[in-house]
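Here the structure is laid out as structure tokens; the discussion comes afterwards.
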Amino acid sequence: MRFIANMQQPDTLRAVLHGMSFLRKHCLIRVTDGRFTLISFKESLGQSATQIWAHLELADIFSEIQIGSLDNDHINMELNLDHFVRALKSCSSSSDTVKVKLAKRGRIPYLVLSVDSPPFTSIKQEIPVKIIRENVLEGIAEPTIPNPDVSLELYRHVRSVLRICERYRNLTKHITVAANRAGNLRISIQNDDVTVDANWTNLTLMLNGDSPEDDDELQEDIDNEKLYSIVVNADELFHTLRICYASRRIIFCISDQYTLMLHVLLAGMDDHSYVSYYIPSSIL
């Protein structure tokens, strides 16, 4: 089994991994000839916890790539996210050359990061990994959810949404997220102790969560003022939104009373590299 490459964007990858680590401490990495996929979920694979699927173009992250395995040149490995984030912190300068290599010491596999920081000597970081055969992963698939009832791009409002969620999570375990096709977003809490909400208006409505909604025929017989909502775990929504520091666009996609999906396009990368967060309803 062989995986050797030079890393091109350690800061962006670190930001993605750091955001994921607040929700889960372990991550499955799938390397193919074109994709670098990071998957994080609870071991039960149930629908009661957030799943994270980061799909990165291999060429956006690495150069001079060599991949080889008996599983059709697919490599699957599980590792601790905190270990990977700490290793990437050693890549402190844009002039650093970061080499990544899958290696073994004895019978234990490691992902080795070698950082050359002129005029200093090379620094090596070893991350223990667990290699997983392709046939073991046959039952793992990205969640299938209904088409969103409404999708809004947060754009410049995402950090204010993050601040509100941080405030609300100190008051409650659950947050209600509601939006409509008129471009309004409402985040609220309601319990025996407090009732409060925050509102954002004039957000961009997206078609199928990706492009602006501008087809008049699709608007017929739709009540644009109708709110679609979902109750989600307050901590998980807050930690999910921390990805904003590595994003250039975040789209909220609500399937009424079922799933909130955040579609995140990453800074410095094209639309083929993105992260999807699937946050299920807390009252299913």
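Start counting the sequence shown at 4; every next residue gets the next number (my numbering).
All C-beta atoms in this analysis are idealised placements derived from N, C-alpha and C, irrespective of residue type, glycine included.
By the CB criterion at 8 angstroms, Ile254 and Ser154 fall inside the cutoff. The way I'd put it, the region 29-42 doesn't touch the region 254-268; fewer than three beta-carbon pairs between them come closer than 8 angstroms.
When the beta-carbon positions are compared, Arg184 and Asn202 stay at least 8 angstroms from each other. In the assembly as shown, Val132 is a buried residue. Its beta-carbon has 16 or more other beta-carbons within 10 Å. In this structure, the beta-carbon distance from Ser285 to His160 does not fall below 8 angstroms. Comparing C-alpha distances from Thr179 to each of Asp152, Ser125 and Asn236 shows the shortest one belongs to Asn236.
For Glu129, the pairing in a beta bridge is given by DSSP as Val115.
Arg5 is a Cβ neighbour of Gln69, given a cutoff of 8 angstroms. In the three-state reduction of the DSSP assignment, Arg162 falls in the helix class, which pools H, G and I. Ser276 counts as buried, since at least 16 other C-beta atoms from the protein chains shown sit within 10 angstroms of its C-beta. Assignment of beta-bridge partners to Val234 by DSSP yields Thr179.
Between His77 and Thr40, the C-beta gap is not smaller than 8 angstroms, which leaves the two residues out of contact. Sequence-distant partners of Val199 (beyond 5 residues in either direction) whose C-beta falls short of 7 angstroms from its own C-beta, in its chain, are Ser191 and Ile192. Under DSSP, the beta-bridge partners assigned to Val153 are Ile257. The beta-bridge partner set that DSSP reports for Asn194 is empty.
Cβ contact annotation for Ile148 (same chain, cutoff 6 angstroms, sequence separation greater than five): Ser258 and Thr262, in chain order.
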